[in-house]
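**Q** In terms of the UniProt record's numbering, the sequence shown is residues 1 to 286. Encoded as structure tokens, here's the structure I'll be asking about.
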Amino acid sequence: MFENEVKALSQVDHPNICKLIEHSENARAASEDPEQPFYYLALEYIENGEVFDYIAKTGSFKESTARYYFHQLLSAIEHINEKGLSHRDLKLDNIMLDSKFNLKLADFGFATSKEYCLNTLGTLSYMAPEILARIPYNTKSADLFAAAVILFVMVTQRFPFGKADPTDELYAYIIMKDWERFWDAHAKAEQKILTLSDKFKDLFAKLVIVNPDERFDLQGIKDHPWYNGKIPRNGEIIKNFANRKLLMEGKLKLEEFESLSPVRSEDSETTKSTSKKPCRANESPS
């Protein structure tokens, strides 16, 4: 994985991808056993942590905020693809926030230049159904499936399903195209009506179709009305996420945070409270 990550990071250069500073396959430690070589990577310092923690500890994002980050994620994916690569382990744990709360994609240990793969790599809740079926899968399409899961968690603070397999009740609804029951199941788990836009639901549906040949590609996503909706300015993001960070650190109370992040009257998208946390990706959604 070391060699793979070095090779991949050496090929990419993008503002939304973690930069490789230097590396060595034959470093020597100043202490312990100076004769024993070891591998090391020196990566760009990304000071504001994982996106997952912001969702888990401060609540889901308004659709406009999720759109801001989805634009950045898609830009990083497009750059990776232009370099002939696929990431193969896209997940919230591998998405960081820099000093200005912009997205940084990290962990290229599973990256590949192969268009099709057969080996089962990645994280269960983000894996496309064709990976779990152990059939040759298009690595770029599988990355976009994982991106759809990331988007869903950003907006709902929940995983859409435990795994993209017929044995999973929630994904079974997707297989049957029974979207009413799918959204009702999530609303029931939330014990509230989900205030998600129809455009968001439509884009998500087009990204998690069972047949990868029928799913949206990058251009399809970029042409979709939801993707082209309103996004916040960077200054708004910085203010909101600086407050989220204070909330995470216990320096701001939930009531204070909510008063500082009012829902605008023209924006029907809501920010949820922090009454629950999303499960980690190797667990099933509650």
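Each residue gets a CB set at the ideal place from its N, CA and C atoms; glycine is no exception.
Do Phe101 and Ile238 come within 8 Å of each other at the CB atom, strictly closer than that value?
**A** Position 238 of the sequence shown, counted from the first residue, corresponds to residue 238. Position 101 of the sequence shown, counted from the first residue, corresponds to residue 101. The answer is yes: Cβ separation under 8 Å.
**Q** Exposed or buried, which one is Gln219 when buried takes at least 16 other CB atoms within 10 Å?
**A** For the purposes of this step, residue 219 is taken as residue 219 along the sequence shown, with counting starting at 1. Gln219 comes out exposed.
**Q** Could you round the C-beta distance between Leu254 and Leu247 to whole angstroms and report it? I think they count as a contact, below 8 Å.
**A** Looking up residue 254 in the sequence shown gives position 254. Looking up residue 247 in the sequence shown gives position 247. Contact flag correct, Cβ pair sits at about 7 Å.
**Q** Met127 to Lys163, Cα distance in whole Å?
**A** Numbered from its first residue, the sequence shown carries residue 127 at position 127. Numbered from its first residue, the sequence shown carries residue 163 at position 163. If you take the alpha carbons of Met127 and Lys163, they lie about 7 Å apart.
**Q** Just mark Met154 as buried or exposed, buried being the case when its beta carbon has 16 or more other beta carbons within 10 Å.
**A** Taking the sequence shown and counting its residues from 1, one reaches residue 154 at position 154. The residue in question, Met154, is buried, as its Cβ has 16 or more Cβ neighbours within 10 Å.
**Q** Roughly how many angstroms lie between the CA atoms of Ala8 and Ala142, to the nearest whole one?
**A** Locating residue 8 in the sequence shown gives position 8, where the first residue counts as 1. Locating residue 142 in the sequence shown gives position 142, where the first residue counts as 1. If you take the alpha carbons of Ala8 and Ala142, they lie about 18 Å apart.
**Q** DSSP beta-bridge partners for Ser259?
**A** Mapped onto the sequence shown, residue 259 falls at position 259. DSSP, once it has assigned bridges, lists no residue as partnering Ser259.
**Q** Look at the alpha carbon of Phe257 and the alpha carbon of Glu236, and state the distance between them as a whole number of angstroms.
**A** Along the sequence shown, read from residue 1 onward, the residue named residue 257 stands at position 257. Along the sequence shown, read from residue 1 onward, the residue named residue 236 stands at position 236. The straight-line gap from Cα to Cα measures roughly 14 Å.
**Q** Along the chain, where does the alpha helix (DSSP H) containing Leu151 start, and where does it finish?
**A** To locate residue 151, count along the sequence shown from 1; it is residue 151. Looking at the DSSP string, the run of the alpha helix (DSSP H) that includes Leu151 is 139 to 156.
**Q** Looking at Leu105: is its Cβ nearer than 8 Å to the Cβ of Leu73?
**A** By one-based count along the sequence shown, residue 105 stands at place 105. By one-based count along the sequence shown, residue 73 stands at place 73. Against a cut-off of 8 Å, the Cβ pair of Leu73 and Leu105 comes out as a contact.
**Q** Between the C-alpha atoms of Asp267 and Pro225, what's the straight-line distance to the nearest angstrom?
**A** Position 267 of the sequence shown, counted from the first residue, corresponds to residue 267. Position 225 of the sequence shown, counted from the first residue, corresponds to residue 225. With a pLDDT of only 45 at Asp267, under the threshold of 50, the placement of this residue in the model should not be trusted, and no figure is reported.
**Q** Using the C-alpha atoms, what's the distance from Ile135 back to Gly250?
**A** As a working mapping, residue 250 is identified with position 250 in the sequence shown. As a working mapping, residue 135 is identified with position 135 in the sequence shown. Approximately 47 Å between the Cα atoms of the pair.
**Q** Does DSSP put Ser125 in a helix, in a strand, or in coil?
**A** On the sequence shown, position 125 is the one that residue 125 refers to. Looking at Ser125 - three-state DSSP - the assignment turns out to be helix.
**Q** How is the alpha helix (DSSP H) around residue 333 delimited, first residue to last?
**A** No statement about residue 333 is possible, as the shown extent of the chain runs from 1 to 286 and does not include it.
**Q** Taking buried to mean at least 16 other C-beta atoms within 10 Å of its own C-beta, is Ser125 buried or exposed?
**A** Locating residue 125 in the sequence shown gives position 125, where the first residue counts as 1. Flag for Ser125 reads buried.
**Q** Three or more C-beta pairs under 8 Å: does that hold for the segment 191 to 204 against the segment 168 to 177?
**A** Not touching, per the Cβ criterion.
**Q** Please report the residue range of the alpha helix (DSSP H) in which Leu247 lies.
**A** Walking along the sequence shown from the start, residue 247 turns up at place 247. Here the alpha helix (DSSP H) through Leu247 covers 234 to 248.
**Q** Could you round the C-beta distance between Ser64 and Lys230 to whole angstroms and report it? I think they count as a contact, below 8 Å.
**A** Locating residue 64 in the sequence shown gives position 64, counting from the first residue. Locating residue 230 in the sequence shown gives position 230, counting from the first residue. That belief holds up - the Cβ atoms of Ser64 and Lys230 are roughly 5 Å apart, short of 8 Å.
**Q** Pick helix, strand or coil for Leu196, following the three-state DSSP scheme.
**A** Here residue 196 corresponds to residue number 196 of the sequence shown, with the count starting at 1. Coil, per DSSP.
**Q** Would you call the segment 50 to 59 and the segment 77 to 89 touching, i.e. three or more CB-CB distances under 8 Å?
**A** Output reads no: the segment 77 to 89 does not touch the segment 50 to 59.
**Q** If we ignore side chains and look at the alpha-carbon of each, how far apart do Gly59 and Arg244 end up?
**A** Position 59 of the sequence shown holds residue 59. Position 244 of the sequence shown holds residue 244. Their Cα atoms are separated by approximately 9 Å.
**Q** For Gly49, does the count of other Cβ atoms within 10 angstroms reach 16, so buried, or fall short, so exposed?
**A** Here residue 49 refers to the residue found at position 49 when the sequence shown is read from its first residue. Gly49 is exposed by the Cβ-count criterion.
**Q** DSSP three-state label for Glu5, please.
**A** Your numbering for residue 5 matches position 5 in the sequence shown. It is helical.
**Q** So Phe204 packs on Leu151, CB below 8 Å; how close in whole Å?
**A** Translated into the one-based positions of the sequence shown, residue 204 becomes position 204. Translated into the one-based positions of the sequence shown, residue 151 becomes position 151. Right, their Cβ atoms sit about 7 Å apart.
**Q** According to DSSP, which residues form a beta bridge with Cys117?
**A** Counted from its first residue, the sequence shown places residue 117 at position 117. According to DSSP, which records beta bridges pairwise, Cys117 is partnered with Tyr137.
**Q** Within 10 angstroms of its Cβ, does Leu170 collect 16 or more other Cβ (buried), or is it exposed?
**A** Counted from its first residue, the sequence shown places residue 170 at position 170. Classification for Leu170: buried.
**Q** Which residue marks the beginning of the alpha helix (DSSP H) containing Leu74, and which one marks its end?
**A** Position 74 of the sequence shown, counted from the start, is the residue given in the question as residue 74. Counting along the chain, the alpha helix (DSSP H) containing Leu74 begins and ends at 63 to 82.
**Q** Can you name, in chain order, every residue of its own chain whose Cβ lies under 6 Å from the Cβ of Lys114, other than the five neighbours on each side?
**A** For this step, residue 114 is matched to residue 114 along the sequence shown. Once the five neighbours on either side are set aside, Lys114 has no close Cβ partner at all.
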